[in-house]
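Participant:
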Amino acid sequence: MPMTNKEVAAFLERVGEILEIRGENVFKARAYYSAARTIESLGEDVSKIVADGELDELPGFGEALTEKVSELVRTGQMKYYDEITADLPEGIFELLDVGDVGPKKVKLFYDKLGIGSVAELEAAARSGALAELPGMGDKSQAKILAGIEQGKEHRGRWLLSQAVPLGERIVAVVEKLEGVKRVSLGGSIRRRRETVGDIDVLVSSKRGAHVIAEFTKLDGVERVLASGDTKGSAVFSPGIQADLRVVEDKSFATALHYFTGSKEHNVRMRQLAKDRGWKLNEYGLFDGDKMLASKDEKALFAHFGMDFIEPELREDTGEIEAALKGALPDLVESRDIRGALHVHSDWSDGRVTIEELAREAVSHGFSYMTISDHSQFSHGLDEKRLGEQWKEIDRVRRIAGGIDILRSCEIDIMKDGSLDIDDETLQGLECGIASVHGSTELGAAEQTRRIIAAVSNRYVDILGHPSQRLLPDQGGMAFDVEAVLSACAARGVAVEISADPMRLDLDWRYIKTAKALGCKFAIGLDAHEKEHFGWLTYGVSMARKGWLEKGDILNTLTARQFRERLGRRRKRRKA
DNA sequence: GCCGTTTTCGGCCCGACTGTTTTCAGTCG
């Protein structure tokens with residue numbers, strides 16, 4: 411089984427960490443980190459790039475990395491890795507996950523005390539041995555113990571949907587503090603990454619110490635990690651860390667740009683500044699000692715002759731070049747979406763009646779909705795029950811004002827690629843969504859054949875959550891993404907971008923590739939209760955991260971256009 | 001380990017905070 415991009419990236423990340431722990435040249439380690447990020451943000455499979463012999467064309471891939479990564483992708487192993495890890499204990503990497511512990515301290519702990527796991531670190535801290543080490547003391551020891559405790563409670567990343575409400579609450583409170591001029595979320599939450607490690611908030615004020623002090627007293631603060639004049643850091647219930655930075659208002663635009671990132675985007679922007687003889691940092695854009703005024707981010711980009719780059723695009727995947735050429739996409743917005751697709755009712759595992767769903771959809775401004783309950787394999791409806799449901803849909807359609815309701819179904823894709831509803835019944839659907847739920851462990855080749863077989867059924871209009879990934883940490887199943895996307899494009903089957911915060915699937919990294927292959931998209935809610943209509947914003951964010959415009963997305967069409975489009979496609983497929 | 005119409009060798013982002021230090025190292029973002 412070929413390694414996924416994520417696996418290759420994680421491997422390279424680890425090589426970088428080992429090099430740092432070993433005390434090698436930090437720039438050598440950085441080369442591996444940079445390679446890891448490049449692989450992670452690829453819109454195509456690294457195994458394909460290796461097979462095509464095009465790995466050395468990626469930025470940051472010279473002779474050594476090309477050879478080592480090719481070996482890794484082909485054989486699943488890297489001799490170099492075995493060499494540099496041979497004399498290190500296996501658990502040494504987990505030490506890096508402890509707060510306030512970096513490669514230098516790992517090396518120190520290992521060299522002096524032979525510590526090679528978090529358990530050993532904890533024992534050493536409790537015995538007081540850590541405090542005796544050079545450069546360490548009681549406070550450092552206590553901090554490390556606290557870090558170990560926190561790590562036990564929670565590790566890793568949070569869903570975007572968990573972070574956004576907290577982030578917005580912090581902004582709302584801080585905005586009202588005395589002496590605060592401007593406030594914004596920054597970091598990965600502003601870029602709308604599908605998961606975030608922490609919440610970044612930027613504030614402009616002349617009263618930094620006061621703002622930070624108030625921030626650390628907010629409702630929900632469990633622990634204060636740092637509290638200075640310009641920077642504060644606290645852990646909020648249920649364990650999400652938030653960092654607040656305070657700058658002068660004249661620095662707000664450059665600071666916001668800086669703290670929004672991504673790091674890769676920032677590196678490119680600083681380089682652009684350097685090329686022009688300027689200097690860009692969080693405090694401003696400088697020509698010598700002179701600060702080039704930027705009242706907001708738009709003005710900042712304008713200095714470079716660039717169009718404003720929406721935060722979602724700032725991943726260094728071509729947005730800088732496009733902005734310089736004035737060729738950025740006109741990104742889709744939530745208000746462009748007219749149809750609520752992929753809605754489950756209490757006919758399967760949803761909590762709400764069709765009639766209530768209709769009312770809820772109207773209140774969110776949708777003008778049509780597809781009732782897409784599960785089919786029999788996922789404990790949903792069989793052919794007979796579907797027929798009965800259609801009568802109920804007809805009834806609600808007559809009484810519900812201002813909304814069109816389409817007969818739909820989330821049809822299960824069987825292990826062999828067939829569907830669990832017969833064609834005669836499928837013919838009666840107005841929108842067919844086919845999804846994989848079971849048998850996710852097939853090999854990549856079989857999985858690919860299976861999905862392509864399913865989207866080849868003429869009554870399938872949309873491929874639901876293609877990868878079956880579950881955030882924050884469960885990767886998707888193994889299959890040839892490009893082959894499936896090509897099949898969808900050829901058959902006119904739209905690819906779902908699930909707005910379910912645990913899915914957000916198709917992965918935005920593949921969206922640009924999908925569009926280039928000719929795919930259309932459908933933002934699906936996968937709603938099971940009323941509150942889930944609010945998920946739309948997350949689906950739209952992913953579409954935006956994938957550079958999509960209104961015209962790329964089927965449910966920006968009016969109800970009538972949507973029906974016509976699906977109808978036309980079906981006629982073509984019959985012919 | 002990568003990279004180059006300023007360089008094929010010598011750079012590679014940099015500032016805030018903390019704790020341990022009498023001037024700095026490590027971590028983080």
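Under this note's numbering, the residues of the first sequence are numbered 411 to 985, in order.
Even for Gly, the Cβ is constructed at its ideal location relative to N, Cα and C.
Please read these numbers as outputs of a predicted model, since none were measured by experiment.
DSSP state of tryptophan 757, grouped into three classes?
Facilitator: As a first step, residue 757 must be located in the first sequence, where it is residue number 347. Three-state DSSP puts tryptophan 757 in coil, outside helix and strand.
Participant: Round the Cβ separation of glycine 638 and isoleucine 622 to the nearest angstrom and send it over; I've been treating them as touching at under 8 Å.
Facilitator: Taking the first residue of the first sequence as 1, we reach residue 638 at position 228. Taking the first residue of the first sequence as 1, we reach residue 622 at position 212. Sure, about 7 Å apart at Cβ, within 8 Å.
Participant: Taking Cβ positions, are serine 615 and valine 583 nearer each other than 8 Å?
Facilitator: Indexing the first sequence from 1 puts residue 615 at position 205. Indexing the first sequence from 1 puts residue 583 at position 173. Against a cut-off of 8 Å, the Cβ pair of valine 583 and serine 615 comes out as no contact.
Participant: Are the beta-carbon atoms of glutamate 906 and proline 882 separated by less than 8 Å?
Facilitator: Locating residue 906 in the first sequence gives position 496, counting from the first residue. Locating residue 882 in the first sequence gives position 472, counting from the first residue. No.
Participant: If I measure Cβ to Cβ from valine 645 and keep anything under 6 Å in the same chain, skipping five residues before and after, which residues do I get?
Facilitator: Residue mapping note: residue 645 aligns to position 235 of the first sequence, counting from 1. Glu632, Arg633, Gln651.
Participant: Provide the residue(s) that pair with tryptophan 568 in DSSP beta bridges, ordered along the chain.
Facilitator: Counting from 1 along the first sequence, the entry for residue 568 is found at position 158. Paired residues: Val606.
Participant: Pull up the CB-CB distance for glutamate 820 and histidine 784, whole angstroms please, since I reckon it's below 8 Å.
Facilitator: Taking the first residue of the first sequence as position 1, residue 820 is located at position 410. Taking the first residue of the first sequence as position 1, residue 784 is located at position 374. Indeed, because the Cβ distance is near 5 Å, the residues count as touching under 8 Å.
Participant: From which residue to which residue does the alpha helix (DSSP H) around tyrosine 520 run?
Facilitator: Within the first sequence, numbered from 1, the residue matching residue 520 stands at position 110. Counting along the chain, the alpha helix (DSSP H) containing tyrosine 520 begins and ends at 513 to 523.
Participant: In this structure, what does DSSP give as the bridge partners for threonine 780?
Facilitator: On the first sequence, residue 780 is found 370 positions in, with the first residue counted as 1. Under DSSP, threonine 780 shares a beta bridge with Leu816.
Participant: Measure the Cβ-Cβ separation of serine 782 and serine 818 and say whether it is below 8 Å.
Facilitator: For the purposes of this step, residue 782 is taken as residue 372 along the first sequence, with counting starting at 1. For the purposes of this step, residue 818 is taken as residue 408 along the first sequence, with counting starting at 1. Yes, Cβ-Cβ distance for serine 782 and serine 818 is below 8 Å.
Participant: If we call anything under 8 Å between Cβ atoms a contact, is methionine 912 one with leucine 880?
Facilitator: Within the first sequence, numbered from 1, the residue matching residue 912 stands at position 502. Within the first sequence, numbered from 1, the residue matching residue 880 stands at position 470. Against a cut-off of 8 Å, the Cβ pair of leucine 880 and methionine 912 comes out as a contact.
Participant: Could you tell me whether the region 769 to 779 touches the region 792 to 801, using the rule of 3 or more Cβ pairs below 8 Å?
Facilitator: In short, these stretches do not touch, since the Cβ pair count stays below three.
Participant: May I ask you to report which of helix, strand or coil DSSP gives cysteine 929?
Facilitator: Counting from one through the first sequence, the residue named residue 929 turns up at place 519. In the structure shown, cysteine 929 falls within a coil segment according to DSSP collapsed to helix, strand and coil.
Participant: By the three-class DSSP mapping on this structure, what secondary structure does leucine 465 have?
Facilitator: Sequence index remark: in the first sequence, residue 465 carries index 55 (1-based). Leucine 465: helix per DSSP, three-state reduction.
Participant: Assign alanine 1049 to one of three DSSP states: helix, strand, or coil.
Facilitator: Nothing in the structure corresponds to residue 1049, since the chain is present only between 411 and 985.
Participant: Under 8 Å between the Cβ atoms of proline 499 and isoleucine 431?
Facilitator: On the first sequence, residue 499 is found 89 positions in, with the first residue counted as 1. On the first sequence, residue 431 is found 21 positions in, with the first residue counted as 1. No.
Participant: In three-state DSSP terms, what is histidine 667?
Facilitator: As a first step, residue 667 must be located in the first sequence, where it is residue number 257. Looking at histidine 667 - three-state DSSP - the assignment turns out to be helix.
Participant: Answer yes if the region 490 to 506 comes into contact with the region 437 to 453, meaning at least three C-beta pairs across the two stretches below 8 Å, and no otherwise.
Facilitator: no
Participant: Under the criterion of a Cβ to heavy atom distance below 7 Å, does leucine 635 qualify as lining the ligand PLP?
Facilitator: Of the ligands one can find in the structure shown there are none, so the ligand PLP has no counterpart to examine.
Participant: Indicate the three-state DSSP secondary structure (helix, strand or coil) for valine 508 in the structure shown.
Facilitator: For this step, residue 508 is matched to residue 98 along the first sequence. Here valine 508 sits in coil by DSSP.
Participant: Between the region 955 to 975 and the region 912 to 929, do at least 3 Cβ pairs fall closer than 8 Å?
Facilitator: yes
Participant: Under 8 Å by Cβ, that's how I've got threonine 670 and arginine 724 pegged, so tell me the actual separation to the nearest angstrom.
Facilitator: Mapped onto the first sequence, residue 670 falls at position 260. Mapped onto the first sequence, residue 724 falls at position 314. Indeed they touch by this definition, with Cβ atoms about 6 Å apart.
Participant: Does the region 414 to 434 come within contact of the region 445 to 455, defined as at least 3 CB pairs closer than 8 Å?
Facilitator: yes
Participant: Which residue from Arg745, Val806, Glu585 puts its Cα closest to that of arginine 987?
Facilitator: With the chain running from 411 to 985 in the structure shown, residue 987 is simply not present.
Participant: By Cβ distance below 6 Å, which residues in the same chain neighbour serine 527 in space, the five residues on each side in sequence not counted?
Facilitator: Along the first sequence, read from residue 1 onward, the residue named residue 527 stands at position 117. Closer than 6 Å at the Cβ level, and outside the excluded window around serine 527, lie Gly501.
Participant: Could you tell me the alpha carbon to alpha carbon distance between lysine 981 and alanine 854, rounded to whole angstroms?
Facilitator: Your numbering for residue 981 matches position 571 in the first sequence. Your numbering for residue 854 matches position 444 in the first sequence. So the alpha carbons of these two residues sit roughly 32 Å apart.
Participant: Taking only three categories from DSSP, how would you classify lysine 689?
Facilitator: As a working note, residue 689 is residue 279 in the first sequence. In the structure shown, lysine 689 sits in a strand (DSSP, three-state: E or B).
Participant: Need the endpoints of the beta strand (DSSP E) that methionine 912 sits in, please.
Facilitator: To locate residue 912, count along the first sequence from 1; it is residue 502. Here methionine 912 belongs to no beta strand (DSSP E), and DSSP marks it neither H nor E.
Participant: Under 6 Å Cβ to Cβ from leucine 895, same chain only, skipping five residues before and after it: list those, please.
Facilitator: By one-based count along the first sequence, residue 895 stands at place 485. Ala924, Leu927, Cys929.
Participant: Going by DSSP, what residue range makes up the beta strand (DSSP E) through glutamate 632?
Facilitator: Taking the first sequence and counting its residues from 1, one reaches residue 632 at position 222. Start and end: 631 to 637.
Participant: By Cβ distance below 8 Å, which residues in the same chain neighbour asparagine 435 in space, the five residues on each side in sequence not counted?
Facilitator: Residue mapping note: residue 435 aligns to position 25 of the first sequence, counting from 1. Taken in chain order, the residues that qualify are Leu429.
Participant: Need the endpoints of the alpha helix (DSSP H) that glutamine 884 sits in, please.
Facilitator: By one-based count along the first sequence, residue 884 stands at place 474. Here glutamine 884 belongs to no alpha helix (DSSP H), and DSSP marks it neither H nor E.
Participant: Measuring straight from C-alpha to C-alpha, what distance separates valine 606 and isoleucine 599?
Facilitator: Taking the first residue of the first sequence as position 1, residue 606 is located at position 196. Taking the first residue of the first sequence as position 1, residue 599 is located at position 189. Our two residues, valine 606 and isoleucine 599, have alpha carbons roughly 6 Å apart in a direct line.
Participant: For glutamine 786, does the three-state DSSP call read helix, strand or coil?
Facilitator: Along the first sequence, read from residue 1 onward, the residue named residue 786 stands at position 376. DSSP places glutamine 786 in helix when its eight states are reduced to three.
Participant: Look at the alpha carbon of methionine 952 and the alpha carbon of glutamate 604, and state the distance between them as a whole number of angstroms.
Facilitator: On the first sequence, position 542 is the one that residue 952 refers to. On the first sequence, position 194 is the one that residue 604 refers to. Looking at the backbone, the Cα of methionine 952 and that of glutamate 604 are separated by about 8 Å.
Participant: Throw me the rounded Cβ distance for the serine 755 and leucine 791 pair, which I believe falls under 8 Å.
Facilitator: Walking along the first sequence from the start, residue 755 turns up at place 345. Walking along the first sequence from the start, residue 791 turns up at place 381. Not quite, the Cβ-Cβ distance comes to about 10 Å (not below 8 Å), so this is no contact.
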